[in-house]
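The structure under discussion appears below in the form of structure tokens.
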Amino acid sequence: MNIIVCVKQVPDTSEVKLDKKTNTIIREGVDSIINPYDSYALEEGVRLKEKLGGKVSLISMGIPAVKGMLKEAMAAGADEAFLLSDRRFAGADSLATAYSLYLGVKKIRDYDLIICGKQAIDGDTAQVGPSLAQKLGIPHVSYVISILEASDKKLKVKRLVDDAYEIIEVELPALITVEKGINIPRFPTIEGFFRAGEKGVNVWGADDVMADMKHIGLEGSATWVLRTFAPSYEKSVSMISGSPKEQAIGALKALADAGFMEIGGEGE
Amino acid sequence: MAKIIVLEEKCVGCGKCINVCPFNAITLENNKAVIGDACVMCGACERNCPFGAIKIERIQGYEQDISLYKGVWVFAEQRGGETAGVAFELLGAARRLADRLGESVAAVLIGDGVSERARELIAYGADFVYVVEGKEYENFSDELYANACVKLAEEHRPSIFLLGATAYGRSLAPRISSSLETGLTADCTVLDIDEESGMFVQTRPAFGGNIMASIVCPARRPQMATVRPRVMKKPEPDFGRSGSTVMFLPVMAGTPKARLLERIQEEGFGTSLSDAEVIVAAGRGICDSKNLELVEELARLLNGAVGASRPIVDAGWIDHSHQVGQTGRTVAPKLYIAAGISGAVQHVAGMSSSDFIVAINKDKDAPIFKIANIGIVGDSAEIIKELIAQLKSKQAKSAE
Amino acid sequence: MSNDIIRYDVEEYIEYMRDESRIFGKANSISFPTSEAELKRVLEKLAESSETVTLQGARTGLTGGAVPMEGHVINLSRMARISGLRFDGEKDCFFLRVEPGVLLSEINRAVSKLEFDTSEWSAESMDALKELKSSKGRFFSPDPTETSATIGGMISCNASGAKSFKYGATRNHVESLKVMLVDGDTISLKRGRERIEGGVLRLTTQGGREICEKLDVYKMPHVKNASGYYLESDMDVIDLFIGAEGTLGITVEAEIGLIPKPACIYGVMAFFPDQEKAIDFVEVAKTLERRPAALEFFNCLALELIRANMYKGHLPDIQRIAPVCHTGIYAELHAMDEDSGKGMLEALSALIEDCGGNLAQTWLAVSKHDMERLKEFRHAVPEFVNSIIDDRRKSEPSLTKLGTDMAVPQGFLRDVMRMYDEGIQSAGLESVIFGHIGDNHLHVNILPRSMSEYDTGKKLYGEWAEAVAKMGGTVSAEHGIGKFKAAMLRKMYSQDVLDSMMKIKRVFDPGNRLNRGNLFG
Numbered sequence: 001m002n003i004i005v006c007v008k009q010v011p012d013t014s015e016v017k018l019d020k021k022t023n024t025i026i027r028e029g030v031d032s033i034i035n036p037y038d039s040y041a042l043e044e045g046v047r048l049k050e051k052l053g054g055k056v057s058l059i060s061m062g063i064p065a066v067k068g069m070l071k072e073a074m075a076a077g078a079d080e081a082f083l084l085s086d087r088r089f090a091g092a093d094s095l096a097t098a099y100s101l102y103l104g105v106k107k108i109r110d111y112d113l114i115i116c117g118k119q120a121i122d123g124d125t126a127q128v129g130p131s132l133a134q135k136l137g138i139p140h141v142s143y144v145i146s147i148l149e150a151s152d153k154k155l156k157v158k159r160l161v162d163d164a165y166e167i168i169e170v171e172l173p174a175l176i177t178v179e180k181g182i183n184i185p186r187f188p189t190i191e192g193f194f195r196a197g198e199k200g201v202n203v204w205g206a207d208d209v210m211a212d213m214k215h216i217g218l219e220g221s222a223t224w225v226l227r228t229f230a231p232s233y234e235k236s237v238s239m240i241s242g243s244p245k246e247q248a249i250g251a252l253k254a255l256a257d258a259g260f261m262e263i264g265g266e267g268e
Numbered sequence: 001m002a003k004i005i006v007l008e009e010k011c012v013g014c015g016k017c018i019n020v021c022p023f024n025a026i027t028l029e030n031n032k033a034v035i036g037d038a039c040v041m042c043g044a045c046e047r048n049c050p051f052g053a054i055k056i057e058r059i060q061g062y063e064q065d066i067s068l069y070k071g072v073w074v075f076a077e078q079r080g081g082e083t084a085g086v087a088f089e090l091l092g093a094a095r096r097l098a099d100r101l102g103e104s105v106a107a108v109l110i111g112d113g114v115s116e117r118a119r120e121l122i123a124y125g126a127d128f129v130y131v132v133e134g135k136e137y138e139n140f141s142d143e144l145y146a147n148a149c150v151k152l153a154e155e156h157r158p159s160i161f162l163l164g165a166t167a168y169g170r171s172l173a174p175r176i177s178s179s180l181e182t183g184l185t186a187d188c189t190v191l192d193i194d195e196e197s198g199m200f201v202q203t204r205p206a207f208g209g210n211i212m213a214s215i216v217c218p219a220r221r222p223q224m225a226t227v228r229p230r231v232m233k234k235p236e237p238d239f240g241r242s243g244s245t246v247m248f249l250p251v252m253a254g255t256p257k258a259r260l261l262e263r264i265q266e267e268g269f270g271t272s273l274s275d276a277e278v279i280v281a282a283g284r285g286i287c288d289s290k291n292l293e294l295v296e297e298l299a300r301l302l303n304g305a306v307g308a309s310r311p312i313v314d315a316g317w318i319d320h321s322h323q324v325g326q327t328g329r330t331v332a333p334k335l336y337i338a339a340g341i342s343g344a345v346q347h348v349a350g351m352s353s354s355d356f357i358v359a360i361n362k363d364k365d366a367p368i369f370k371i372a373n374i375g376i377v378g379d380s381a382e383i384i385k386e387l388i389a390q391l392k393s394k395q396a397k398s399a400e
Numbered sequence: 001m002s003n004d005i006i007r008y009d010v011e012e013y014i015e016y017m018r019d020e021s022r023i024f025g026k027a028n029s030i031s032f033p034t035s036e037a038e039l040k041r042v043l044e045k046l047a048e049s050s051e052t053v054t055l056q057g058a059r060t061g062l063t064g065g066a067v068p069m070e071g072h073v074i075n076l077s078r079m080a081r082i083s084g085l086r087f088d089g090e091k092d093c094f095f096l097r098v099e100p101g102v103l104l105s106e107i108n109r110a111v112s113k114l115e116f117d118t119s120e121w122s123a124e125s126m127d128a129l130k131e132l133k134s135s136k137g138r139f140f141s142p143d144p145t146e147t148s149a150t151i152g153g154m155i156s157c158n159a160s161g162a163k164s165f166k167y168g169a170t171r172n173h174v175e176s177l178k179v180m181l182v183d184g185d186t187i188s189l190k191r192g193r194e195r196i197e198g199g200v201l202r203l204t205t206q207g208g209r210e211i212c213e214k215l216d217v218y219k220m221p222h223v224k225n226a227s228g229y230y231l232e233s234d235m236d237v238i239d240l241f242i243g244a245e246g247t248l249g250i251t252v253e254a255e256i257g258l259i260p261k262p263a264c265i266y267g268v269m270a271f272f273p274d275q276e277k278a279i280d281f282v283e284v285a286k287t288l289e290r291r292p293a294a295l296e297f298f299n300c301l302a303l304e305l306i307r308a309n310m311y312k313g314h315l316p317d318i319q320r321i322a323p324v325c326h327t328g329i330y331a332e333l334h335a336m337d338e339d340s341g342k343g344m345l346e347a348l349s350a351l352i353e354d355c356g357g358n359l360a361q362t363w364l365a366v367s368k369h370d371m372e373r374l375k376e377f378r379h380a381v382p383e384f385v386n387s388i389i390d391d392r393r394k395s396e397p398s399l400t401k402l403g404t405d406m407a408v409p410q411g412f413l414r415d416v417m418r419m420y421d422e423g424i425q426s427a428g429l430e431s432v433i434f435g436h437i438g439d440n441h442l443h444v445n446i447l448p449r450s451m452s453e454y455d456t457g458k459k460l461y462g463e464w465a466e467a468v469a470k471m472g473g474t475v476s477a478e479h480g481i482g483k484f485k486a487a488m489l490r491k492m493y494s495q496d497v498l499d500s501m502m503k504i505k506r507v508f509d510p511g512n513r514l515n516r517g518n519l520f521g
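Protein chains in written order, with UniProt numbering: chain A, 1 to 268; chain B, 1 to 400; chain C, 1 to 521.
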């Protein structure tokens, strides 16, 4: 089975802080990492390859430095990597990104399955996967937490929706997006690192994939960011001091005062 | 091609753009900003330059006559034989937007034997209900539902199309927007119309919830957005409202390539958190995974559910289904007790509409206190222990 | 000074009666001075009643050094400013001036992000900061596991960590110290300036007191060491105070060195089919021309512990490593550029294969994120040990783990490993062995299931200490002696040596008021 895994390099948003004065994101010193959900996608791809044969190809879009991340991902089991990197791809929203990846996938050509992470932690939109599937005219299944059966023809997967699990059978070629917890991604190995070093990363510019310039990058983006601002939710808090016991009693009394009689009240 | 330029006559070399650039793409050369290859045209520099010296020339690749598009649509998600609550919330929002624009509200209702639910949608604010009915629509299907929505939108040309940011909505919406080649903004928390331009302004948390971004879709229609359940207020239904039902049959539904084989609904699964009136949530500040037992006990005593912040879910202390926040669930209980949660914006985004918030944290400067009604500075585990003791003694008293 | 700086309501400060050793003590009063001046006034006040003084930082120590047994507690965690920076061109080193209460994690964060509160910095410091910002990146190398330790605590027990294999312990990175004696007098010490020559200590305090004392020099083990005073016949006086566990004076300010940060770091976690092969690997890796920055050991039981306790998606998946590869070695490579890093990695890889390892089953961390994950993996062993002991304490509250901290000289590694393995096996105890094998410094953790096992373990521990001392090793290589291991120090040194140490103690603290109970019991 030939598998394409889409990966994105993202800032480690757990480290990102807001500069309260300027209302901007402070990213100085924040590391770039592989989107965590994508590392589950990669691992799932490598496991399927180990079971069914074939290969795992990585595709990403980003600045040239993303090559480093792709090499690390190769060290964790992928066979080859393609990076869409061109100034003209810059500023893409999820629509333009899906289009660019669509061109990349078409150029890779041979695939049975595309695996994406559920979403990227910097945008949390979860749009590129389904959007790419639509462009390719293939089915997709989101939020997969387990692949129950896999063959060259179809997959049977379990997915997590808001209040239930669903068992879904999907004909290949198809795209799935995977949840955290579907697997434990393997750690990169020295052997993989040397292999990645030999193979390298294929970099494709906009012309290499014959992109329609009107549909890529900022120009191809339907959405624009109008402004950004700090979220504010100020309330006036009443602080309860004293020993832990006094604080507990005080809190229950305050709850009773606020109308939670069944909690803070004196009983029947 | 769209490009970013530095107006050299305006640039004074103050370096502010360097600090605000999330991608370290800007350097100073000869005291002028120079934008390097790492630039992804996010526009942070353009928005923050005090001298207006950086300009992104936005050229829209797509051409479309947007004046032909009218009306605000809502996807009426079906679940378990009824319309999902988020659809009613969205109808309320759609009504407000449509009244501002002087346009109508329509609901898209897809399923098998669902047409009678149109009345309810009208009561909540729809002027039209487009019904797509048939055996093949019995179960949710990304492919079939997307195709139906795309056909409907191509034929009736709505200006705005809203979907719930539920599992289905977040999966379906991008297929529709991709096919219509239009913009889609995920997980919006505020929807508005810009007075001047009449543009639909969609606000959502970005960068892991660290910052809010207002997003527009200037040149493409429909302007699509998904909205988190429980963010918009559900309006009061008016069953006296009139509206019309339009049956719609898309050509050739066909057989979807992804088919539902089985649905496993677990008792209390997941919904317990969203529906709970009381939530006791734990964060890293409870120090030890063992203290989760205390949190669970307190939740039990209060007939509530257990919530969690992302760090302790990531650390494997508790299952992801308990996670509250931007990447977890949005909740709005009557009472939210946050124990050892510092109040990172991304957590707050998921619980700030709780009616009453009690925050317990060691750090008196923790941001959680800014949104709390009651604040307790102290060791979370200790204080929960005391709360449990107090509640137990009260229960014992009332049992006497 | 407000009169209430000395608090007598100690029942409100119960948590300050313990540290990570989990020994509980008691005290009459406590203070939290925020400046040198406040500290001086506390000491002067205490001198009136000759009260004993126990010093504390973040109380992360494992030997009870910060646990008071009586008298007054001075907690230094509020003297926590990073107060300046200096560039020494001759040594090509930046020196950061810090107060004792600054946490290691704060130092690391500030240095890596170059974010300092410079509101009280001098012009010279600001110039140095400019210089630092334009240099290629620097770091403070000592890396004890617990980054919430204070720098004062680290200096007092000469803390080290994995990377001290390459960079040395805290001692190697302290350039100057300002020390306050128990009477409130101060001395300033700078490397190369105040010297002990021919065993004679000469010093003048700020208050004008002249100290001239002939010290009885003793022989110290030639290993990484944190047991007793550091003394040689010719040395810098500053080294006497580093590792003195607060028994001589109180660090009120220190200058610590920031050295060039390697541009290329690889973390390698290799697994070997048996312990002998793993030790073979270590012995050769130590002799490599460009040797690793750290070499850390996990015996099969330590890896087994991780296997049994790892939770989903958090630690690197050790289940993927074939169970036959049961002994682990972590090696960290530091290079100033990528090419030389790759060269080091290739050399190490060849060695791993020579010793029975498999490169397809050898983890490699390149990104900071993966380095972090390997760090968590390494720290998981002591964490799991603690949580098992915590569980057992529910039924047997007086149970604690027994952790050794001994190091032996080069050439004795296999002997000491054999001694540990045989001792544990014949006593039938549950244990794990892990730690800084590059320095021949392993932590044996015994996990007693009952008080009788605890007693057996303690006896075994005593026997090991004697044997290690005979090999010329140390009973504590990095944790210090504190109160917990005072008996161990006696196994390591003769009464003559201890007398000589006590003589030093009397020079600076004649009333034995400072950290009484530490070192000497």
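We put the beta carbon where it would ideally sit given N, CA and C, even for glycine. The structure presented is a predicted model; accordingly, all values stated were derived computationally and were not measured.
Counting contacts by CB-CB distance shorter than 8 Å, is residue i in contact with chain A?
i      : result
B/P222 : no
C/H369 : yes
C/L301 : no
C/R320 : yes
C/P316 : yes
Are any of the Cβ atoms in chain C nearer than 8 Å to that of residue i?
i      : result
A/A75  : yes
A/D38  : no
A/R186 : yes
Among residues of its own chain, excluding the 5 on either side of residue i, which ones have a beta-carbon nearer than 7 Å to its beta-carbon?
i      : result
C/A302 : V381, V432, I433 and F434
Buried or exposed for residue i, going by 16 or more other Cβ atoms inside 10 Å?
i      : result
C/T287 : exposed
C/G207 : exposed
B/T255 : exposed
B/G285 : buried
C/S77  : buried
B/L172 : buried
B/N31  : exposed
Got a sec? Which residues, its chain only, sit under 6 Å from residue i by beta carbon, not counting five neighbours each side?
i      : result
B/F161 : W73, P222 and M224
A/D79  : K55 and V56
B/S214 : V201 and T203
Taking Cβ positions only, does residue i come closer than 8 Å to chain B?
i     : result
A/G68 : no
Any heavy atom of the ligand MN closer than 7 Å to the beta-carbon of residue i?
i      : result
B/G350 : In the structure shown, the ligand MN is absent, as is every other ligand, since no ligand is present at all.
Taking 8 Å as the limit between beta carbons, can you name the residues of its chain near residue i, skipping five residues before and five after?
i      : result
B/T182 : C217, R220, R221, P222, Q223 and M224
C/D274 : H326, T327 and G356
ask   = Could you give the uninterrupted runs of the alpha helix (DSSP H) lying entirely in the stretch 46-127 of chain A, keeping only those of 4 residues or more?
value = As far as the stretch 46-127 of chain A is concerned, its whole alpha helix (DSSP H) runs of at least 4 residues are 66-75 and 94-108.
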